[in-house]
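Below is one structure, written out as structure tokens, with a few remarks after it.
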């Protein structure tokens, strides 16, 4: 089960990170604002930190903590969507 979680996180989240950065920064690299101190960038980074924590807890088979990290990440994703008007 932990290997399935790792595989899912690895395959899907790198593309998601790129897409979220594109939306947050309003453009492609070289043509955008890469100021990571903006609230939207901070929220996106916090989301990915929670996802990273989820991966660590999944590898350790600490399922309650993994579920908590997932819940936190989903809350931050919803907040990010509001910040960027997604």
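In the working numbering, the protein residues as written are 12 to 97.
Each residue gets a CB set at the ideal place from its N, CA and C atoms; glycine is no exception.
Can you tell which of the options has its C-alpha closest to the C-alpha of residue i?
i          : options           : result
residue 62 : 13, 24, 15 and 14 : 24
residue 96 : 43, 56, 35 and 79 : 35
Could you check the C-alpha separation between residue i and residue j for me, to the nearest Å?
i          : j          : result
residue 77 : residue 38 : 33 Å
residue 60 : residue 43 : 23 Å
residue 54 : residue 33 : 14 Å
residue 21 : residue 27 : 10 Å
residue 90 : residue 84 : 10 Å
Give me, in chain order, the residues of the same chain whose beta-carbon lies closer than 8 Å to that of residue i; leave out the 5 immediate sequence neighbours on both sides.
i          : result
residue 17 : 66, 69 and 70
Rounded C-beta distance between residue i and residue j? I'm assuming under 8 Å.
i          : j          : result
residue 50 : residue 94 : 6 Å
Keeping to the same chain, check which residues put their C-beta closer than 7 Å to that of residue i; ignore five residues upstream and five downstream.
i          : result
residue 88 : 58
Inside the segment 20–88 only - alpha helix (DSSP H) runs reaching at least 4 residues = Correct list: 50–70.
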